[in-house]
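Heads up, the thing below is written out as structure tokens.
Numbering (UniProt numbering), first residue to last: 1 to 224.
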């Protein structure tokens, strides 16, 4: 979060890495989930506005019982993380604009912390520029998951799975195709699953590999 650090989401803006940028960050687990969805929808249909809600597992900023926490400005995080659904903020709502500056003032969002330990879900709602259908949205997301820069990062699932089925999934974002909705042609709703620990750690390792190869050993960087 330090000023001047480049937020990098592999598959979305990693091409911005350069010798002129001394400090980079792997963004956040939710940003890594959201950015691939935004990329596909923005490039295929255009985005007028959007709002996301991440249904996120408990984290270290919450408490086990009701008591003061480190983030004193957010009293909801001071309530028991294992007993409550806790509405709170999400950094991905602002970080996504660093990935896609052209969407400034067009995207925002919130989080709801839930009493689960792993595997989260991002609820994405977009007003798109080009009228579309559920079939077209799913087709675009599926195609992006099979080839191109998002292969291995974006997933596409047609089975009726639940959160535990995504534990230890190394992809940043897995589309729940059964939940995709389109209202009146231009309002698009997408569910995207992610293992907020394993998937993020995988991208972190890949980013370290790319940086080491490109700027230390001077070899061809690889995602693997």
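We put the beta carbon where it would ideally sit given N, CA and C, even for glycine.
Assign residue 209 to one of three DSSP states: helix, strand, or coil. For the purposes of this step, residue 209 is taken as residue 209 along the chain shown, with counting starting at 1. DSSP, reduced to helix, strand and coil, places residue 209 within a helical segment of the structure shown.
Three or more C-beta pairs below 8 angstroms linking the region 115–122 and the region 148–160: No, the region 115–122 is not in contact with the region 148–160.
Cα-Cα, which of 175, 170, 106, 127 is closest to residue 140? In the chain shown, the residue the question calls residue 140 occupies position 140. It is 175.
For residue 29, which of 170, 182, 189 has the nearest alpha-carbon? The residue labelled residue 29 in the question sits at position 29 within the chain shown. If we check each option's Cα against that of residue 29, 170 comes out closest.
For residue 179, the first and last residue of its enclosing alpha helix (DSSP H): To locate residue 179, count along the chain shown from 1; it is residue 179. Counted as a single uninterrupted DSSP element, the stretch harbouring residue 179 is not any alpha helix (DSSP H), since DSSP gives it neither H nor E.
Mapping the DSSP letters down to three states, classify residue 204 as helix, strand or coil. The residue given as residue 204 occupies position 204 in the chain shown. Residue 204 falls in the helix class under three-state DSSP.
Check whether the region 9–25 touches the region 203–219, counting contact only when three or more Cβ pairs, one atom from each stretch, lie closer than 8 angstroms. The answer is yes - the region 203–219 touches the region 9–25, with three or more Cβ pairs under 8 angstroms.
Where residue 134 sits in the DSSP three-state scheme: Taking the chain shown and counting its residues from 1, the one referred to as residue 134 is at position 134. Residue 134 falls in the helix class under three-state DSSP.
Assign residue 21 to one of two classes, buried (16 or more other C-beta atoms within 10 Å of its C-beta) or exposed (fewer than that). Locating residue 21 in the chain shown gives position 21, where the first residue counts as 1. Answer is exposed; the Cβ neighbour count stays below 16.
Could you spell out where the beta strand (DSSP E) holding residue 51 opens and where it closes? Locating residue 51 in the chain shown gives position 51, where the first residue counts as 1. Element bounds for residue 51: 47–57.
For the pair the region 98–111 and the region 130–137, tell me if three or more CB-CB distances fall below 8 angstroms. Fewer than three Cβ pairs drawn from the region 98–111 and the region 130–137 lie within less than 8 angstroms of each other, which leaves the two stretches out of contact.
Could you check if residue 148 is buried or exposed, using at least 16 other CB atoms within 10 Å of its CB as the buried criterion? Within the chain shown, numbered from 1, the residue matching residue 148 stands at position 148. Residue 148 is exposed by the Cβ-count criterion.
May I ask you to report which of helix, strand or coil DSSP gives residue 16? Position 16 of the chain shown holds residue 16. Secondary structure at residue 16: helix, using DSSP grouped into helix, strand and coil.
Determine the direct distance from the alpha carbon of residue 65 to that of residue 83, and round the result to whole angstroms. Residue 83 sits at position 83 when you count from the first residue of the chain shown. Residue 65 sits at position 65 when you count from the first residue of the chain shown. Going by the C-alpha atoms only, they are around 8 angstroms apart.
Could you tell me which of 61, 97, 100 sits nearest to residue 88, measuring between CA atoms? Stepping through the chain shown from its first residue, residue 88 is reached at position 88. Nearest option by C-alpha distance: 61.
Does the beta-carbon of residue 75 have 16 or more other beta-carbons within 10 angstroms, so that it is buried, or is it exposed? Translated into positions along the chain shown, residue 75 becomes position 75. Note on residue 75: under 16 other CB atoms within 10 angstroms of its CB, so exposed under the neighbour-count rule.
Cα-Cα separation, residue 59 to residue 44: On the chain shown, position 59 is the one that residue 59 refers to. On the chain shown, position 44 is the one that residue 44 refers to. Straight through space, the alpha carbons of residue 44 and residue 59 are spaced by roughly 34 angstroms.
Spatial distance of residue 23 from residue 178 (CA atoms): Here residue 23 is taken as the residue at index 23 of the chain shown, counted from 1. Here residue 178 is taken as the residue at index 178 of the chain shown, counted from 1. Approximately 39 angstroms, taken between the alpha carbons.
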